[in-house]
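Comments concern the structure below.
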Amino acid sequence: MIKILAACGAGVNSSHQIKDALEKEMSNRGYNVKCDAVMVKDINEDMINRYDIFTPIAKTDLGFTPSIPVIDAGPILYRISAMAAPVYDKVEETIKEKGLK
Amino acid sequence: MLMEKKEEKLFAEDNVYISSKTTAEEVIQEISDKLLADGLVKPAFYENVIGREKDFPTGIDLNVVNESLPNIAIPHTEGEFVNVRRVIPVHLEHPVTFKNMIDPSASMEVKFLFMILNNDPEGQSNILAQIMNFCTTTNANDLGAFFKSTDKKAIYEFLNRSFKDQKA
């Protein structure tokens with residue numbers, strides 16, 4: 001299973017939308033993806049190391065450099081295919097490059 | 001007997017506001033005070049919304065949807081500071097500056113707020129997704145007229161109808 005960490009300020013709205021959208025689209029593309037939605041302030045190195053990809057809403061200063069690929073997922077929030085597709089493509093590209101399963 | 005779970009309405013006619021404030025802090029303070037008086041939020045709501053807005057802004061550029069639409073913002077905070085699941089529409093009489101949610105280095109002028117009170121993020125359909133569906137699928141002329149309206153009853157009815165249609 002591919003594990004993705006989505007994050008936003010409050011952990012209640014944006015990150016949950018990213019989670020729902022990524023799980024649905026990646027499943028449609030044939031990948032077994034599980035995405036968790038959390039508050040940025042709760043992320044530490046131990047937590048992020050348990051995931052394969054980090055998808056914040058915007059560029060985010062975590063206070064450390066994430067060891068996993070970071071993909072800004074903000075455009076997904078618009079729910080417009082043309083805006084979301086490049087994010088999904090980048091996630092898929094990363095899955096392929098890293099050989100994630 | 002199978003009981004169908006009743007989904008609460010996202011909007012309340014009494015909680016539609018028109019604000020003449022000119023800064024994000026002033027608007028959020030004004031609306032937070034009203035929501036606190038109505039028992040919809042907890043006393044720490046305002047300071048948490050403002051704090052979050054500085055670190056994780058919520059302005060949404062609708063120019064990319066349609067150039068004629070004004071920008072919106074969706075101020076919110078964690079569920080522990082609210083008592084309900086509701087969206088609070090606020091028409092802004094003057095443009096108010098917010099930072100862009102997906103590019104916090106950019107500022108934008110906002111003319112309408114959807115303040116999200118969400119004490120149940122896992123529970124039902126995603127509130128932000130519904131707001132974005134509303135902004136991206138509603139007829140642009142109708143949406144333009146809606147954003148200009150200062151009639152609270154009309155704002156409430158349009159939102160209620162549009163969000164209901166969305167779920168159908």
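Chains E and U, in that order, give the protein sequences.
Per full-length UniProt numbering, the very first residue in the first sequence carries number 1; after that it's consecutive.
Per full-length UniProt numbering, the very first residue in the second sequence carries number 1; after that it's consecutive.
Even glycine gets a Cβ: it sits at the ideal position worked out from N, Cα and C.
Treat the numbers as computed from the prediction; the structure is a model and nothing was measured.
Where residue i and residue j are concerned, what is the direct C-alpha to C-alpha distance, given to the nearest angstrom?
| i | j | result |
| --- | --- | --- |
| Ser14 (chain E) | Asp52 (chain E) | 20 Å |
| Ala24 (chain U) | Phe45 (chain U) | 15 Å |
| Thr136 (chain U) | Ala145 (chain U) | 15 Å |
| Ile76 (chain E) | Asn32 (chain E) | 19 Å |
| Leu117 (chain U) | Ala21 (chain E) | 21 Å |
| Gly79 (chain U) | Arg86 (chain U) | 11 Å |
| Pro95 (chain U) | Val110 (chain U) | 5 Å |
| residue 102 (chain E) | Asn44 (chain E) | Nothing can be reported for residue 102 (chain E), as the shown portion of chain E is limited to 1 through 101. |
| Pro104 (chain U) | Phe56 (chain U) | 7 Å |
| Leu62 (chain E) | Ile71 (chain E) | 14 Å |
Establish whether the CB of residue i and some CB of chain E are separated by less than 9 Å.
| i | result |
| --- | --- |
| Met108 (chain U) | no |
| Glu47 (chain U) | no |
| Met115 (chain U) | no |
| Val65 (chain U) | yes |
Hey, is residue i's beta-carbon within less than 9 Å of any beta-carbon in chain U?
| i | result |
| --- | --- |
| Pro75 (chain E) | yes |
| Gly9 (chain E) | yes |
| Lys24 (chain E) | no |
Shortest alpha-carbon distance to residue i belongs to which of the options?
| i | options | result |
| --- | --- | --- |
| Ile72 (chain U) | E:Asp46, E:Tyr78 and E:Ile71 | E:Tyr78 |
| Ile88 (chain U) | U:Thr22, U:Lys152, U:Asn139 and U:Pro70 | U:Lys152 |
| Lys98 (chain E) | E:Ser67, E:Ala10, E:Gln17 and E:Asp36 | E:Ser67 |
Give the range of the alpha helix (DSSP H) segment to which residue i is assigned.
| i | result |
| --- | --- |
| Asn28 (chain E) | Ser14 to Asn28 |
| Lys148 (chain U) | Ala140 to Lys148 |
| Ile131 (chain U) | Ile127 to Thr137 |
For the beta strand (DSSP E) containing residue i, list its first residue and its last residue.
| i | result |
| --- | --- |
| Met39 (chain E) | Val33 to Met39 |
| residue 185 (chain U) | Given a span of 1 to 168 for chain U in the structure shown, any question on residue 185 (chain U) remains unanswerable. |
| Asn71 (chain U) | Asn71 to Ala73 |
| Pro56 (chain E) | Ile53 to Pro56 |
| Ala6 (chain E) | Ile2 to Cys8 |
Quick check: does the Cβ of residue i come within less than 8 Å of any heavy atom belonging to the ligand GTP?
| i | result |
| --- | --- |
| Asp52 (chain E) | The ligand content of the structure shown is nil, which means the ligand GTP is not present either. |
What residues match up with residue i in a beta bridge as DSSP calls it?
| i | result |
| --- | --- |
| Tyr17 (chain U) | U:Val90 |
| Phe114 (chain U) | U:Pro89 |
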